[in-house]
Amino acid sequence: MADKRRFDLFAELIRSRFPDAKRIFDVAGGQGKLNDALLRRGCEVTTFDRRHKHLPVKFAEREFTLDEPCECDAVVGMHPDGATRVIVEYAARHKVPFAIVPCCSDNSMPYKPWMRHLSELGRTLGLTVEEVELPMDGRARVILGRP
Ligand SMILES: C[S@@+](CC[C@H](N)C(=O)[O-])C[C@H]1O[C@@H](n2cnc3c(N)ncnc32)[C@H](O)[C@@H]1O
């Protein structure tokens, strides 16, 4: 069971690490709870997810791809599963920072190699990457990248 504090903790981290990023793309945002947490902290957020049922937040009910026009200052994802890799690639392509809290890989890779792979992907694409940990239960490690 994922930690219910995760949205507020991640929103705080995003605001503190990317203070100039006001327009945020929240990828694979599920019901939109991270959107809501960032909204309460003064951000303008669009959540991308295929889900039909979600909170009344700005929501793009579709798959997030590299072709999405870049109308954001940062791209983020909490446990974004199959969309994790595309967040890193999108950040590199559009030269915006990213923050992800990876959970499951998109190819059955175990957690630690998956984390190493994502950091390496960011570096290979020219981003400066660091890892931090949120004070919560479950998969709590965050990978941050900057152009
Ligand atoms: C484990 S859930 C996490 C949802 C939410 N971020 C949370 O922490 O509760 C993963 C979500 O990723 C979404 N997803 C996977 N690939 C996606 C893609 N390419 N674009 C948008 N959403 C995607 C799924 O629909 C699902 O809601």
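Just add 6 to wherever you are in the sequence shown, counting from 1, and you've got the working numbering. Every residue, glycine too, gets a C-beta built ideally from N, C-alpha and C.
- The Cβ atoms of C78 and R29 sit closer than 8 Å to each other.
- Classified as buried, D42 has 16 or more neighbouring CB atoms from the shown chains inside 10 Å of its CB.
- Bridge partners of D32 according to DSSP: T53 and V82.
- For E69, same chain residues with a beta-carbon under 7 Å away, outside a window of 5 residues either side, are R56 in chain order.
- Membership of F13 in the alpha helix (DSSP H) is indicated by the continuous run R12 to R23.
- Of all C-beta pairs linking the stretch 31-51 to the stretch 84-93, three or more are shorter than 8 Å, placing the two stretches in contact.
- The Cβ atoms of A105 and L45 do not sit closer than 8 Å to each other.
- Take I93, set aside five residues on each side of it, and the residues of its chain with a beta-carbon closer than 7 Å to its own are V33, V81, G83, P86, F104 and I106, in chain order.
- For T71, same chain residues with a beta-carbon under 7 Å away, outside a window of 5 residues either side, are V92 in chain order.
- Nearest to V148 by C-alpha distance, out of R11, A8 and I20, is I20.
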